[in-house]
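Shown next, in C-alpha cells, is the structure this report addresses.
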Amino acid sequence: MGDSATYQNVVNVNEHFKGKYTIQYLPASSVKLNPFHFENMCIESSPDSSFFPHSIPLPIEFNTTSEVDFIQIKHISPSNTISLMNYTSRDVRKLAKRDYSHLTEYPGYVSKDDRVFYLEVDVTKPGSYSIHNVLDSDGMNIRPYKNSFTLGYCPTARFSYPGLESEYMAYKCIGGKDDDEDWTLPLISTYGVGPLNVEIAAISNGRTISKFNATISGEELDQDGLGWLQSQEISRNGLEQEILRDPSLFYKAKAGTLEFQILGVSDKLGNRRPYNPASKDKDVNYAIQLKESAEVALVDFKPGSPLLLNQTKALYFQTSQSLSPSATFIVQFEDEKSARKENITLTFANLDELKRGFSVSKPGRYSLIEGHDKFCPCGVNSGKQISITTPDPPSVSIRGLPLTDKCVGTVGFEFTFSFTGQPPFEVNYNVFKNSSGILRPVLNERGLKEHSKKSSGHRYQFQYKPRQEGSYVLVFKSVKDKYYQTIPVSIPEAENTFATYFHQRSKYYIFDGTGSKQLSVCKGGVTEIPIHFEGNHPFAFKYSISDPSGKIVAQETVKDYFQDFYTIRTPELSKRGDFQVSITEVSDNLGCPVESSENVVVIKARGEAPSAQFEKSSFHQIVEGDSVSVPLKTAHIVGSQSNKLVYSKTGLHDKASSKDLVLQGASTLHLKEEGVYRLKSFENGGCPGVVSESETITVSFAPKPNITIIADTKQSSSFARLESSCQNGIRNVTLRLEGQKPFVIPYVVTYPNGRTRSSSISIDDYEVTIPLPTKESGSYLHEFTTVYDSLYTQKAMSRISKQSPGATVQYDVLEAPDFSVDQQYIQLCERASTNNIVPFKIPVTFEGKYPFTVKGSIKKKESLEKEAFEISNVYVPEIDLNNAKLKHDFSVGEHIIQFDEVIDGNGCDRSSLEKHNTVSVSITKVPSISKSSTKSYYCVGDHISYNMSGVSPFTIFYQFNGQNRKTESGFEFQRLASKAGELAIVALQDSSATSCLVNFTTDGDVFESLKLRVRDLPSVEISHGDSIIENLNEGDQTEITFKFTGVPPFEVTYVRTLGEEEGRHKKRRGAKDVTRVPRRIVDTKTIRDIHGYEYTEVVGLEGTYEAIRVSDAYCSASRDVNEIL
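Residues 1 to 1125 in the UniProt record's numbering are what the sequence shown spells out, letter by letter.
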C-alpha cells in the first residue's frame, strides 16, 4: 500500500478469472423478387427528361447456402407481349460485385443471416416483372416466391397552345360590361397511365387564391391483361371547364397578374410528377393580365363659369382609377335650340392630355355615352348631362352733357351710363389733350393711359372736369360685366368719342394752396402771407388785418395786379391773441369772382416769452445704468413738441469737467450720468425764452455691493489661503458683505480633479459662514465671482461694464487615512494561546502619515459581548494586540477582531471602516483522526479512508504490514488497498501556527481502534483454465466445471456470447464474410451458495461461456464484460 495508486495499477481483476468454454454447431433455399414491395414507381418516356429515372434497379432476395448459377425473369408488356430476361452465372457474378449497402435502409432487409443475400437487375420497359426460373450450381431449382413488380411510364402534363398565338390574349378586363366575353385558354396536354389528375394553382399578384384538380381521361382501353397500363397522350380544355364551373375565381382575383401554374400530375398507379411552382415556362405557367374597367364621368369643374361668346370652355373626365394610355371617349352633343345631336370622338394619347380635358365652343347639353382605354371598356352614366350656356355680352349706352359756367362757358362733361348684362360693370376709356394738334394721353392716378369707371348697378353717372384748361378728347373703348371680365366687349368708338375745349375759372391760393392757414408769431414779431393767382389777369382784391378784439389794424385795396404772386406783410404784433388776415372782393379781368377754398389766415400772436426752470434743486442717488426723470416747469409755451432746451452737466468730483446737452421736443429730462445739471437756454415754437439757473439737479450712483473674506491667513480682502483640512472634515469660510441686502453670490468651485461646478447662494445678512467641500483630497479653488444686492441685481449689473469684485478662497484637503487588514484569517492550536498572551501579530496596510492610532473591538463569534480597545503610536504596518492589554479569553472557537477607526499623524481620521477591517482568529483543538467507516475489514481494491479534524493539511505517520510510512493529506486520508495486510495510524500533525502533533502509540486503546484489516479477492477457473471448443450437433448437451479459491460459500456469474461461430453451419459454401460479426452477450446466469471449491454446470447452446463475477465470504471480483466481447 504505497503513497498513491490507481485501481487499475494495483488490481488486475483478470487474474481472478481463468478459462472459457465454446460450443459450435455442426452445419435445407428460396428467391423473392421485389422483397421490399416497391410501389408507385415509374420511368421516363422521353430521353430528354431526367426528373425520374430511365431504368429501375429491381432488387432480388436469395435465401440459400448454394451458389446461384442462372436467373430467368418474365416480362409482360402493356400490350400483353411476353419476353424472358436471362442472366447466366457470369452475369450473376457481375451483379454480385455491385454495392448493395443502400438496401439496408429498407424495412425487411435481412442483415443477420449469412444465407440471405441480394442482387439488383435493371428494368427499362413498362410492364409486369416476375421470377420465372432460378438454378443453383448443382442445377437444382431454387423455389421462387409469387412476387411481381409492375412499372409504367411516368406521367407528364403541360399547357398547349393550338392555333395562333395572338388568340391567347395577354389580358382580360374585369368589372366592366365585357366581363363575360369569351376568351381563349390553353389546353392541358398529358401523357401517362390514365386517368391523370393535374394539380393547378390560380395565383393573383403572387398570392395563391385557389387550387384545383383537372382530371384528364382518354378513350376506354382494353382491360384484358395489362392493357390498362398503356400510356396515352391526351389534350383537353380542363382549364376552361374549371373556370366555367367556378367563375367566382375572377371575383377573388385583383387587377394585376393572374397566373395558372401546373404544380404536378399523378397517374392511376399513384406516381406523381411535381413541377417547379416558381417556373415561368409557358409549358407549366399561363399568365394573363387582369385589367379593371374604370368608371368614367363627364364633369364641369367650373359650373359657375358659362361659355363666353366666341370663346371655349373646358370639360373634364373624372375616373375612378388611372387609365391606360390611348383612351377614347364618345361624347354626345345636343343643341338646345334645334335639339340636333352629334357624337364627338375624343382620343387622348397620354394621361397628361386626359387631365387637360377637352374644349367646347357651342352651348348645349353634353353627355358621355361610351369610353375605353387601351385595354378595357369603361363604365359610363350616359344619362348624366352637362348643360353649357352662353350669356349675351354686356353693352352700354353713353350719354354725355356739357357742364357750363356762366362766366367761362364749358368746364366739363356729365356722363350717364346705361348697362345691359350681369353686374358689376366696368367701362374703360382714354383721355387725350390736344396740344398744337398733337393728342397727348392724360394719365390716370396710377400713371396708366387707360381710365376706368365701375358700377354695381345698371345705371351710373360721373362728371369729368380737367384740372387744366384746354382741348380734350374722351374715347370710350370697352365694357365688362360679371362674365366678360378677362375679355372686354368693344364699344363703337365713333359713337362714344367726346371732344371739346374746357375752360377754367380764375383761382387764387394762399401759400400755394399747400401751406398751413394758421401762423404763429413771437411777441412783437411780424410775418408774411404769400398769395398765388391763376387765370385771367389783371386781378383786383382787398385784404384786412384785425386784432383779437376784431379791430382792424391794417387794410389795403389792390387793383390791376398783373403778377402771379402777392405778399401781405403784417405790422408788429405785440398783443397776445388770434389775428385774422381776410382776403375779399377778388375778381379777374372778366369781372368774374375768383374762386378759392380759403380766404382767411389766422395768426396766433404770443404776448409773453416762454420760460423753463427746475421745480427745485434736488439730489438723486440711482443705480448705475438706471436713470432719473426730472420734469421741467414751463410757462407760456405752445406745445412741448417745439421745445428746445440747452442744459449743462458738471462733473460730480471734477468741477472743471462740464459739457452742454440739448433736449428737443420734450418737457422731461432723463438723467443717467453722475453730475450737477443746470439750465442754460430755452426755445418754444421758434421763440426764444428765459430760464432759471439757480436750481440744480445733482445725480450720483449708489455704491456697488462688495465682498470681503474674514480669515486669519488671507493675503488680501479678496483672496485667502486657508489652512489644510482633513478629508470629509469641516471647513468653513466667513464672508462680510456691503450693500443693500438680500445678496446673491455666484461662485465656481474647482475640484482637485479639475472638474468645476457653478452655482449661486442667496444671503439675507451682512456676514455669513459658508461650508466648503472636503469630500475629495487635493487642492480646491472656491471663487466668489461677484456679488449682487437688492439695488445692483444681476439684470442691473448686466447693463454696466464694471462689475463688483469677487473673492477667492484656496485650501488643501488632506486625504483621509485608510486601513486594511492583510491577513483576515488566523488559526492557532489550543496550546498556543495561554496566560492572555496573544501569540500573533496582525499584518495591516496604512495609508496616511505615521504614527497611527487604531480603535476596534474583539468578541467571540457566538457572543454578543464586545471588548473595545485602542492602540496608539503605531509606527509599523502590523497590529500587536498585546499593546491593547486585553482581558479577552482566547479559548477554543472563533474570535472576531473588528477595526472601526484609524487616525493618522495629521489628526485626520476615518471612522467608517467597512472593507477589509476584520480578522477571524480560529483557536482549534489538537488534530484528531477517525475511521470513515465502521467496517471491520476491507478487500483488495477497496479505498481505505480516515477523517481528520484540525488545521489542514495534515501529516500522517502510519504502518502497513510493519513498514513505517508518512504522507500529507487534507481532511480525508485515503489509500487504495493493493494487497492483503494490516494498516495502523502512528501519529498525526496539523498545519496550525503551532504545528500540533499527536502520537497515538502512547494510548494503546486508541492505537488499536485505528487499525484496519485488508483481505484478498476470490478467484474462479473454468475447465482447467483452458479455452475449450466443443463441436455439437444442434440439440446436444455438455458439462463445464468451475474451480474456486477463497473462503466459501462462493457465488459465480457467467455469460454466453456469440460472434463468428454464430450460424456458421447455415452459411452457404464458399461464401466470404462481407463484414465481421461483432460478439455479443446472449445469456447471463448467476449460481449462489457454492460451499465447495468446485461446481459443474450442464449446457447445450451454441456460444462461448466465461465467468464475469465471483465472490466469497468476504470479498468479490468483477471483470469488464467489454474485455471478452
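Beta carbons are placed, not taken as given, at the ideal position from N, Cα and C, and that holds for glycine.
I need the DSSP call for residue i, collapsed to helix, strand or coil.
{"i": "Asp405", "result": "strand"}
{"i": "Gln332", "result": "strand"}
{"i": "Glu295", "result": "strand"}
{"i": "Arg273", "result": "strand"}
{"i": "Thr734", "result": "strand"}
{"i": "Ile842", "result": "strand"}
{"i": "Asn643", "result": "strand"}
{"i": "Glu1123", "result": "helix"}
{"i": "Asn12", "result": "coil"}
{"i": "Ala349", "result": "coil"}
{"i": "Arg757", "result": "strand"}
{"i": "Leu661", "result": "strand"}
{"i": "Asp1000", "result": "Looking at the sequence shown, residue 1000 is not Asp but Phe. Phe1000: helix per DSSP, three-state reduction."}
{"i": "Gly400", "result": "strand"}
{"i": "Ser478", "result": "strand"}
Would you check if the distance between the CB atom of residue i and the CB atom of residue j is smaller than 8 Å?
{"i": "Asp588", "j": "Gly639", "result": "no"}
{"i": "Glu783", "j": "Gly754", "result": "no"}
{"i": "Gly194", "j": "Gln232", "result": "yes"}
{"i": "Lys530", "j": "Ala554", "result": "It should be noted that the sequence gives Pro, not Lys, for residue 530. No, they are not a contact pair."}
{"i": "Val442", "j": "Lys433", "result": "yes"}
{"i": "Leu403", "j": "Gln463", "result": "yes"}
{"i": "Tyr751", "j": "Glu767", "result": "no"}
{"i": "Gly364", "j": "Glu336", "result": "yes"}
{"i": "Leu229", "j": "Gly108", "result": "no"}
{"i": "Val630", "j": "Val646", "result": "no"}
{"i": "Ile56", "j": "Ile73", "result": "no"}
So the candidates are the options; which of them puts its Cα closest to the Cα of residue i?
{"i": "Leu573", "options": "Ala635, Glu528, Gly1092", "result": "Glu528"}
{"i": "Lys885", "options": "Phe301, Ile929, Ile837", "result": "Ile837"}
{"i": "Pro325", "options": "Tyr566, Gly270, Ala294", "result": "Ala294"}
{"i": "Asp1083", "options": "His1091, Arg207, Val1121", "result": "Val1121"}
{"i": "Thr184", "options": "Glu199, Pro162, Ser204, Ser1118", "result": "Pro162"}
{"i": "residue 1158", "options": "Val296, Gly256, Asn271, Thr486", "result": "Any answer about residue 1158 is impossible in this case: the structure gives the chain only from 1 up to 1125."}
{"i": "Ser779", "options": "Tyr792, Gln810, Leu791", "result": "Gln810"}
{"i": "residue 1177", "options": "Gly651, Asn732, Pro742, Ser716", "result": "Because residue 1177 is not part of the residues shown, which for the chain are 1 to 1125, the question remains open."}
{"i": "Leu368", "options": "Phe329, Ser978, Leu772", "result": "Phe329"}
{"i": "Ser1023", "options": "Val13, Tyr21, Gly304", "result": "Tyr21"}
{"i": "Tyr871", "options": "Lys633, Phe852, Ser692, Ala201", "result": "Per the sequence shown, residue 871 should be read as Ile rather than Tyr. The shortest C-alpha separation from Ile871 is found at Phe852."}
{"i": "Gly152", "options": "Phe502, Gly218, Arg272", "result": "Arg272"}
{"i": "Arg90", "options": "Pro746, Glu67, Ile82, Asp99", "result": "Glu67"}
{"i": "Phe498", "options": "Val473, Ser83, Ile200, Gly848", "result": "Val473"}
{"i": "Val876", "options": "Phe890, Lys866, Gly893, Asp904", "result": "Asp904"}
{"i": "Gly264", "options": "Phe51, Thr81, Phe1050, Gly981", "result": "Phe51"}
When burial is assigned at 16 or more other CB atoms within 10 Å of the CB, is residue i buried or exposed?
{"i": "Gly139", "result": "exposed"}
{"i": "Pro27", "result": "Confidence at Pro27 is low in this model, with a pLDDT of 40, below 50, so the placement of that residue is unreliable and no value is reported for it."}
{"i": "Gly860", "result": "Per the sequence presented here, residue 860 reads as Lys, with Gly not at that position. Buried, by the Cβ-count rule."}
{"i": "Tyr1054", "result": "buried"}
{"i": "Val1110", "result": "buried"}
{"i": "Ala816", "result": "buried"}
{"i": "Lys795", "result": "exposed"}
{"i": "Arg1056", "result": "buried"}
{"i": "Ile59", "result": "Before going further, note that residue 59 is Pro rather than Ile in the sequence given. Per the 10 Å Cβ criterion, buried."}
{"i": "Ser1019", "result": "buried"}
{"i": "Gly304", "result": "exposed"}
{"i": "Lys449", "result": "exposed"}
{"i": "Asn732", "result": "exposed"}
Our contact map puts residue i next to residue j with C-beta atoms below 8 Å; I'd like the distance itself, whole angstroms only.
{"i": "Pro538", "j": "Phe562", "result": "5 Å"}
{"i": "Tyr958", "j": "Val986", "result": "6 Å"}
{"i": "Phe420", "j": "Pro394", "result": "The sequence shown places Thr at residue 420, not Phe. Indeed they touch by this definition, with Cβ atoms about 6 Å apart."}
{"i": "Arg569", "j": "Val526", "result": "7 Å"}
{"i": "Tyr129", "j": "His75", "result": "6 Å"}
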